[in-house]
Amino acid sequence: MIYLDHAASTPCAPEVLDAMLPYFGASFGNASSLYSLGRQSRKAVEVARELAAAFLGCRPQEILFTSGGSESDNLALRGVLWALRDRGGHLITTAVEHHAVLHAARALANQGFEVSLLQPDRLGRITAAQVEEAITPRTTLISVMHGNNEVGTLQPVEEIGRLAQERGILFHTDAVQTAGHLPLAVRDLPCDLLSLSAHKLYGPQGIGLLYRRGGVPLVSQIAGGDQEFNLRAGTENVPGIVGLGKALELAFAAMQQGEPERLRGLRHRLIAGVLASVPGAELTGHPTLRLPNHASFRFPGIEGEPLLLNLDMRGICGSSGAACATGEIEPSHVLLAMGYTRAEAHGALRLTLGRHSTAAEVERVLAVLPPLVKSLRNLATA
Ligand SMILES: *Cc1c(COP(=O)(O)O)cnc(C)c1O
């Protein structure tokens, strides 16, 4: 099998699994319990928090563990807007965000908050100037994602972060797709809140974190115990947290060893090969300002779903855009926001490389894809 859907999820690294296993077994104590079994769990959680803090270059107490990227995004948006509702209630975000941000923003709008949705250009980019223009005296939060999951486009988050800082407005970025691919030290990427998810970086599903710069006001979204500095109730997912810590440690090492450059090379070959061998193929998203592992295309004249099913029959896993959008026939909200028509937004294919991807796999895709697109087009016109 050739797995090219790392933007949807990644295989759990064996080292991560090994690190987690004891906490599914003998070390099952509740991290809040005072006897030694509980203290073992507490210690494991705090070690993972230190690993996460080292990854982001922040203090351990600035890390909040959550159930994943979606919860982190929700906590950031709802948490800040409700905490600062007296200072105004204006949120600036973009039309290309993950649904976790977009739908949280929609819910806030339904609750009476004001939401500005910035529209990207044809390559999926938002500019700092657009953000600046949308700022009002009531703006309390700006949320712009780092790397787009569907089209790979990177946003100028450093520039937007500096702008927010100058204006005294809080800035959140969803960095779920960039973690492990781009440096994320919060001293270089000025932000107040940042979302990460373990299963996008070779950790387990169902665990993530929210970086919250010290002092940033948040209203907890889950009522209950006083875990996670009273900001996220619920018994800690100790195995998951340990797995996330290990995954971040491994991701940092892989970055040091040049994994992003290796992926960039494979991706370059994949994109150049597809554009050269499939007539009419178009790269969606930005050609250079994009995630190192991310290739996304549009093939006019065919539908995405039969293409995916046929690739699957040949042992190749790809995606038509977002994992949650497959099964639905709805075209990608990201491509629509970028100005593609509904008809144009069908026929999309996303191939995202990962740690186990090889040059031979890329060549195999380049051998399979062109004749497949051709035969699907013939069927469509027959
Ligand atoms: C996957 C993803 C999320 C959601 O993360 P989960 O851990 O699956 O909830 C949020 N944002 C982006 C950009 C993602 O790719």
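Taking my numbering, I'd label the letters of the sequence shown as residues 93 to 474.
Glycine residues also receive a C-beta, built at the ideal position from the N, C-alpha and C atoms.
Can you tell me which of T265, A118, S133, Q257 puts its alpha carbon nearest to the alpha carbon of V188? Counting from one through the sequence shown, the residue named residue 188 turns up at place 96. Closest by alpha carbon: T265.
So, for H448: in the same chain, excluding its five sequence neighbours on each side, which residues have a beta-carbon less than 8 Å away from its beta-carbon? Residue mapping note: residue 448 aligns to position 356 of the sequence shown, counting from 1. Excluding positions up to five away in sequence, the list reads Y95, P103.
Residue range of the beta strand (DSSP E) that includes V207: Numbered from its first residue, the sequence shown carries residue 207 at position 115. Here the beta strand (DSSP E) through V207 covers 206-210.
Could you have a look at E154 and say whether DSSP puts it in helix, strand or coil? Mapped onto the sequence shown, residue 154 falls at position 62. E154: helix per DSSP, three-state reduction.
Say whether chain B places a C-beta atom closer than 8 Å to the C-beta of M112. The chain inventory of the structure shown lacks chain B, comprising one protein chain alone.
With a threshold of 7 Å (Cβ to nearest heavy atom), would G335 be considered close to ligand 3? Among the ligands in the structure shown, ligand 3 does not appear; only ligand 1 can be found there.
Inter-stretch contact at 8 Å, needing at least 3 Cβ pairs: the segment 326-338 / the segment 190-199: no
Taking buried to mean at least 16 other C-beta atoms within 10 Å of its own C-beta, is Y115 buried or exposed? Against the sequence shown, residue 115 aligns to sequence position 23. Per the 10 Å Cβ criterion, buried.
How is the beta strand (DSSP E) around A387 delimited, first residue to last? Locating residue 387 in the sequence shown gives position 295, where the first residue counts as 1. Unbroken beta strand (DSSP E) run through A387: 386-390.
Rounded to a whole number of angstroms, what is the C-alpha to C-alpha distance between F389 and L443? Looking up residue 389 in the sequence shown gives position 297. Looking up residue 443 in the sequence shown gives position 351. C-alpha separation (whole angstroms): 8 Å.
Could you check if N241 belongs to the surroundings of ligand 1, using beta carbon to heavy atom distance under 7 Å? Taking the first residue of the sequence shown as 1, we reach residue 241 at position 149. Yes, the Cβ of N241 comes within 7 Å of a heavy atom of ligand 1.
Please find out if some non-hydrogen atom of ligand 1 comes closer than 7 Å to the beta-carbon of M237. As a first step, residue 237 must be located in the sequence shown, where it is residue number 145. Yes; taking the cut-off as 7 Å, the Cβ of M237 has a heavy atom of ligand 1 nearer than that.
Is it the case that the CB of S424 approaches a heavy atom of ligand 1 more closely than 7 Å? Sequence index remark: in the sequence shown, residue 424 carries index 332 (1-based). Outside the cutoff, so no.
Using the Cβ count rule (16 or more neighbours within 10 Å means buried), how would you classify P282? Residue numbering aside, residue 282 sits at position 190 when the sequence shown is read from its first letter. Counting Cβ neighbours within 10 Å, P282 comes out buried, since at least 16 surround it.
Can we say the segment 453-465 touches the segment 395-410, given the rule of at least three CB pairs closer than 8 Å? yes
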